[in-house]
Amino acid sequence: MKKSSTIHILLCGLRGSGKTLLLYKTLIPKWESTISEILPTPLYHYEEFKHNGKTLGLWDFSGDPVVRNISNYVSRQVEVRGVVFVVNILDMNETKNTEVINWLCSLESESSLSYSRFVVLFNGTNDLFRGENYENFMQKLEPIKSRLGSRIMCKNVNTIKGLDDPGWPIVLDFIISQPSNSNKKSNKSRE
């Protein structure tokens, strides 16, 4: 693997969760297109941008189940510091909750992501009603949170606002603060 100063972040989530909208609004804050104009991502988008003096590489992956494992493959090719899993808070149900948890478990079990931070990003405003589906999801997420400990965060972010939503920079800073894998590996070899 090539050494890179780019901090790679995977954007994952089911179709229509808001990943691509978040990517566009992060790169082009004044972008005024409507959500309905965004076509589903066929495989992935990759874009780089600067945040707090760091270069971040955002990988926006398709939510299509047929190509879902491409994020695992990419994580074996580049050092990934963070996985942001976008969940549309208005589109939660038992089936989708299970699908999200299964995908998160697949990513969590990927050895190339064993040092990465994970963020479950709830796409929506903080004042949205959080009903039974939300509570069921949080219950299913609990074992993952237990295993990941301080490497996981849950955060509400309105993806329409991009970096103007105060939660998104908090998420990015959480990921940036994770030391790189190479630092952890070299520290282990010194012990």
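Numbering (UniProt numbering), first residue to last: 1 to 191. All C-beta atoms in this analysis are idealised placements derived from N, C-alpha and C, irrespective of residue type, glycine included. These figures come from a predicted structure and were not determined experimentally.
{"Check": "Count the other C-beta atoms from every protein chain shown that fall within 10 angstroms of the C-beta of Val-116, then say buried if there are 16 or more, exposed otherwise.", "Outcome": "First, the amino acid is wrong: residue 116 is Ser here, not Val. Under this definition Ser-116 is a buried residue."}
{"Check": "Helix, strand or coil, according to DSSP, for Tyr-14 in the structure here?", "Outcome": "As written in the sequence, residue 14 is Leu, which differs from the Tyr given in the question. Coil, per DSSP."}
{"Check": "Going by C-alpha to C-alpha distance, which of Glu-99, Arg-147 and Val-119 sits closest to Ile-175?", "Outcome": "Val-119"}
{"Check": "Given this structure, state the Cα-to-Cα distance separating Pro-179 from Leu-163, to the nearest angstrom.", "Outcome": "23 Å"}
{"Check": "According to DSSP, which residues form a beta bridge with Phe-61?", "Outcome": "Tyr-44"}
{"Check": "Skipping 5 residues on each side, what residues in its chain have a beta carbon closer than 6 Å to that of Phe-122?", "Outcome": "Val-87, Ile-89 and Asn-156"}
{"Check": "Residue range of the alpha helix (DSSP H) that Leu-113 falls in?", "Outcome": "Segment: none, Leu-113 is in no alpha helix (DSSP H) and carries neither H nor E."}
{"Check": "Would you report the Cα separation of Trp-31 and Asn-133, rounded to the nearest angstrom?", "Outcome": "32 Å"}
{"Check": "Phe-49 and Thr-26: beta carbons closer than 8 Å?", "Outcome": "yes"}
{"Check": "Under the DSSP definition of a beta bridge, which residues are partnered with Met-153?", "Outcome": "Val-119"}
{"Check": "Considering only residues of the same chain and omitting the five flanking positions on each side of Asp-91, which have a CB-CB separation below 7 Å?", "Outcome": "Gly-16"}
{"Check": "Of all the beta strand (DSSP E) runs that stay within the bounds of the segment 68-96, which reach a length of 3 or more residues?", "Outcome": "80-88"}
{"Check": "Could you tell me which residues DSSP puts in a beta bridge with Phe-49?", "Outcome": "Leu-56"}
{"Check": "Let me make sure I understand the geometry here. Which of Asp-64, Glu-108 and Asn-93 has the alpha-carbon closest to that of Gly-149?", "Outcome": "Glu-108"}
{"Check": "On a CA-only basis, which of Thr-95, Thr-125, Leu-58 and Phe-85 is nearest Ser-106? Give me that one, please.", "Outcome": "Phe-85"}
{"Check": "So, at 8 Å on beta carbons, what are the nonlocal neighbours of Gly-124 in its own chain, with the 5 sequence-adjacent residues on each side left out?", "Outcome": "Asn-88, Ile-89, Leu-90, Asn-156 and Asn-158"}
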